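Trainee:
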Amino acid sequence: EERCADGAAGWLERFHTARHRGWGDRRTPPALLDLVERAVGRLRADLAARPDDRAFLRIGVEDLDLLDLLLSLDLPVADPKPETPGTSGAALNLSDWARGENPRDLTAVAADPRFRPAFRRSANAYHDASSGADVMRRLAAAAGGRPMLTEWVREVARDSVAAGLPGVPKAIARLSWLPAE
Numbered sequence: 003e004e005r006c007a008d009g010a011a012g013w014l015e016r017f018h019t020a021r022h023r024g025w026g027d028r029r030t031p032p033a034l035l036d037l038v039e040r041a042v043g044r045l046r047a048d049l050a051a052r053p054d055d056r057a058f059l060r061i062g063v064e065d066l067d068l069l070d071l072l073l074s075l076d077l078p079v080a081d082p083k084p085e086t087p088g089t090s091g092a093a094l095n096l097s098d099w100a101r102g103e104n105p106r107d108l109t110a111v112a113a114d115p116r117f118r119p120a121f122r123r124s125a126n127a128y129h130d131a132s133s134g135a136d137v138m139r140r141l142a143a144a145a146g147g148r149p150m151l152t153e154w155v156r157e158v159a160r161d162s163v164a165a166g167l168p169g170v171p172k173a174i175a176r177l178s179w180l181p182a183e
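In the working numbering, the protein residues as written are 3 to 183.
1. Quick check: the Cα distance between A41 and R148, rounded to an integer number of angstroms?
2. Would you kindly check if the distance between the Cβ of D136 and the Cβ of R29 is under 7 Å?
3. Between which residues of its own chain and R140 is the CB-CB distance below 6 Å, once the five residues before and five after are set aside?
4. Hey, how far is the Cα of A11 from the Cα of D48?
5. Give the DSSP-derived three-state secondary structure of V63 in the structure shown.
6. So for T109, helix, strand or coil by DSSP?
7. Considering only their Cβ atoms, is the gap separating A93 from A131 smaller than 7 Å?
8. So what's T19 in DSSP terms, helix, strand or just coil?
9. So, are the CB atoms of R123 and D67 less than 7 Å apart?
10. Suppose the cutoff is 6 Å on Cβ atoms and the five residues either side in sequence are ignored; what does the same chain contact list for H129 look like?
11. Looking only at its chain, what residues have a beta carbon closer than 8 Å to the beta carbon of D76, apart from the 5 residues adjacent to it on each side?
12. Whole angstroms is fine: what's the gap from S162's alpha carbon to P168's?
In structure tokens:
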């Protein structure tokens, strides 16, 4: 049996990177999730053989279903890129996740506080019903999406109060497009 020099973990990282080059719809292939579940033992062994400073999967936040699966399997993943002065941090790809046929429930992502800032940045990117209503509905229906969405709405509402009277129109506009159901 022929194997990659960097093992299944290296292959998964390269495959993930290649899938997310360029533009377009990048919903998670169900076969990829099945493969990862079957290869979890090999992935663990590959990661254990890496030096401590690289003993995690370098899987970004572009594939939310894959990220949620890896976290649910207790496979270590790299921290999302933080926001720094002059750069925006990582934002979860909620759009592709929401367009999936059977999106994961995001409970593993919700349970990992490292991904909350990336969730907030992603949710903040939606500005109207045409771009975000379906995503918000899917989040509200997902066991892990619901608490993250609730936390985000609470934060938006709190920020609108802090903005004072001059900021009320902008704050109301930010919340008014959210689906009512």
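Cβ atoms here follow ideal geometry from the backbone N, Cα and C, with glycine treated the same way.
Since we're looking at a predicted model, the values are computed, not measured.
Mentor: On the basis of the coordinates in this document:
1. Here residue 41 refers to the residue found at position 39 when the sequence shown is read from its first residue. Here residue 148 refers to the residue found at position 146 when the sequence shown is read from its first residue. If you take the alpha carbons of A41 and R148, they lie about 30 Å apart.
2. Position 27 of the sequence shown holds residue 29. Position 134 of the sequence shown holds residue 136. For R29 and D136, no; Cβs fall outside 7 Å.
3. The residue labelled residue 140 in the question sits at position 138 within the sequence shown. A100, listed in sequence order.
4. Translated into the one-based positions of the sequence shown, residue 11 becomes position 9. Translated into the one-based positions of the sequence shown, residue 48 becomes position 46. Cα to Cα, the separation comes out at about 6 Å.
5. Counting from 1 along the sequence shown, the entry for residue 63 is found at position 61. If DSSP states are grouped into helix, strand and coil, V63 belongs with coil.
6. Position 107 of the sequence shown holds residue 109. Reduced to three states, the DSSP call for T109 is helix.
7. As a working mapping, residue 131 is identified with position 129 in the sequence shown. As a working mapping, residue 93 is identified with position 91 in the sequence shown. Going by C-beta atoms, A131 is not nearer than 7 Å to A93.
8. Numbered from 1 along the sequence shown, position 17 holds the residue referred to as residue 19. In this structure, T19 counts as helix in the three-state DSSP scheme.
9. Taking the first residue of the sequence shown as position 1, residue 123 is located at position 121. Taking the first residue of the sequence shown as position 1, residue 67 is located at position 65. No, the Cβ-Cβ distance between R123 and D67 is not below 7 Å.
10. Translated into the one-based positions of the sequence shown, residue 129 becomes position 127. So the list is empty, once near-sequence residues are dropped.
11. On the sequence shown, position 74 is the one that residue 76 refers to. Excluding sequence neighbours, D76 sits near nothing in its chain.
12. Residue 162 sits at position 160 when you count from the first residue of the sequence shown. Residue 168 sits at position 166 when you count from the first residue of the sequence shown. Cα-Cα distance, rounded: 10 Å.
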